[in-house]
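Numbering (my numbering), first residue to last: 13 to 215.
Heads up: the structure comes next, in structure tokens.
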């Protein structure tokens, strides 16, 4: 019988100053028109596949918000690495995706390193998910489910709380559970910024 190896993780509540967190949420809501269906990597190309991933992603520039969030992520990088059981590595860059899950949105189980073939010069090593949403939370569900690295075991569930950052190794299998949202108001969606800390090619 194989032993279970849990996926390491770290949670940081109130990750950003509240004014900055509110600005991220306001930005997402104000830019509804710039959100498009998300895609996944299949056989060398990015395609829409709503039976596997149903959400929207922001197609545009985050501007100063991106710079501010990257600065906070870089400052926390050594601590996030250590909490996730890895030594800080040479950071090539931080990739970001602003996503929105409305009623029925989900993302089936996956790992975040599967895009390495499309981006052969970098490797995603550490994943962080930053959440913003209205309070009280207008939706139910939408939990991040993080599965063990090896062996059988129940998933660890993380509620998408406003101004929460959750980080874990990019090789960890995870999913977004379905969102239930009675409202059709875009501002009531489950908003997150998916962040990937990338290691560059070996010298």
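Each residue gets a CB set at the ideal place from its N, CA and C atoms; glycine is no exception.
Item to check | residue 144 versus 19, 121, 40 and 50, residue with shortest Cα-Cα distance | outcome: Locating residue 144 in the chain shown gives position 132, where the first residue counts as 1. Ranking 19, 121, 40 and 50 by Cα distance to residue 144 puts 40 first.
Checklist entry - When the Cα atoms are used, what is the spatial distance from residue 29 to residue 76? => result As a first step, residue 29 must be located in the chain shown, where it is residue number 17. As a first step, residue 76 must be located in the chain shown, where it is residue number 64. So the two alpha carbons sit approximately 15 Å from each other.
Checklist entry - Residue range of the alpha helix (DSSP H) that residue 74 falls in? => result The count along the chain shown starts at 1 and reaches residue 74 at position 62. First-last for residue 74: undefined, no H or E at that position.
Item to check | Assigned secondary structure, residue 108 (DSSP; H/G/I helix, E/B strand, else coil) | outcome: Mapped onto the chain shown, residue 108 falls at position 96. Strand, per DSSP.
Checklist entry - Leaving out the 5 sequence neighbours to the left and right, which residues in its chain are closer than 7 Å to residue 119 when beta-carbon positions are compared? => result Residue numbering aside, residue 119 sits at position 107 when the chain shown is read from its first letter. Taken in chain order, the residues that qualify are 65, 67, 187 and 188.
Next on the checklist: Suppose the cutoff is 6 Å on Cβ atoms and the five residues either side in sequence are ignored; what does the same chain contact list for residue 95 look like?
Outcome noted: If you number the chain shown from 1, residue 95 lands on position 83. Correct list, in chain order: 22.
Next on the checklist: Tell me which residues share the same chain as residue 168 and place their Cβ nearer than 6 Å to its Cβ, disregarding the 5 neighbours each side in the sequence.
Outcome noted: As a working note, residue 168 is residue 156 in the chain shown. Contacts found: 158.
Checklist entry - Where does the unbroken beta strand (DSSP E) through residue 155 begin, and where does it stop? => result Working through the chain shown from its first residue, we reach residue 155 at position 143. Careful: residue 155 lies outside any beta strand (DSSP E) and carries neither H nor E.
Checklist entry - Since residue 142 and residue 177 are thought to touch, with beta carbons under 8 Å apart, how far apart are those beta carbons, to the nearest angstrom? => result For the purposes of this step, residue 142 is taken as the residue at position 130 of the chain shown. For the purposes of this step, residue 177 is taken as the residue at position 165 of the chain shown. About 5 Å; that satisfies the 8 Å criterion.
Item to check | Alpha-carbon spacing of residue 91 relative to residue 83, whole angstroms | outcome: By 1-based counting over the chain shown, the position of residue 91 is 79. By 1-based counting over the chain shown, the position of residue 83 is 71. When rounded, the distance between both Cα atoms is 14 Å.
Checklist entry - residue 27 lies in the beta strand (DSSP E); which residues open and close that run? => result Along the chain shown, read from residue 1 onward, the residue named residue 27 stands at position 15. Judged by DSSP secondary structure, residue 27 falls outside any beta strand (DSSP E); it is assigned neither H nor E.
Item to check | Residues near residue 171 in its chain [Cβ-Cβ closer than 7 Å; skip 5 each side] | outcome: Your numbering for residue 171 matches position 159 in the chain shown. Same-chain partners within the cutoff: 155.
Next on the checklist: Using only the alpha-carbon positions, how far apart do residue 198 and residue 62 sit?
Outcome noted: As a working note, residue 198 is residue 186 in the chain shown. As a working note, residue 62 is residue 50 in the chain shown. Between residue 198 and residue 62, the C-alpha separation is close to 19 Å.
Item to check | Residue(s) in a DSSP beta bridge with residue 142 | outcome: Taking the first residue of the chain shown as position 1, residue 142 is located at position 130. DSSP, once it has assigned bridges, lists 177 and 205 as partnering residue 142.
Next on the checklist: Distance check for residue 212 and residue 42, CA to CA, integer angstroms please.
Outcome noted: Position 30 of the chain shown holds residue 42. Position 200 of the chain shown holds residue 212. Approximately 34 Å, taken between the alpha carbons.
Checklist entry - Can you name the start and end residues of the beta strand (DSSP E) that residue 168 belongs to? => result Counting from 1 along the chain shown, the entry for residue 168 is found at position 156. First-last of the beta strand (DSSP E) with residue 168: 168 to 170.
Checklist entry - Is residue 121 helix, strand or coil by DSSP? => result As a first step, residue 121 is located in the chain shown; it is residue number 109 there, counting from the start. In the structure shown, residue 121 falls within a strand segment according to DSSP collapsed to helix, strand and coil.
Checklist entry - Contact check, residue 139 vs residue 179 under 8 Å by CB: the rounded distance? => result What you label residue 139 is simply residue 127 of the chain shown in a count that begins at 1. What you label residue 179 is simply residue 167 of the chain shown in a count that begins at 1. Contact between residue 139 and residue 179 holds: their C-beta atoms lie close to 7 Å from each other, under 8 Å.
Checklist entry - In chain order, what residues of the same chain lie with their CB nearer than 6 Å to the CB of residue 147, ignoring the 5 residues before and after it? => result Reading the chain shown from its first residue, position 135 is the one you call residue 147. 174.
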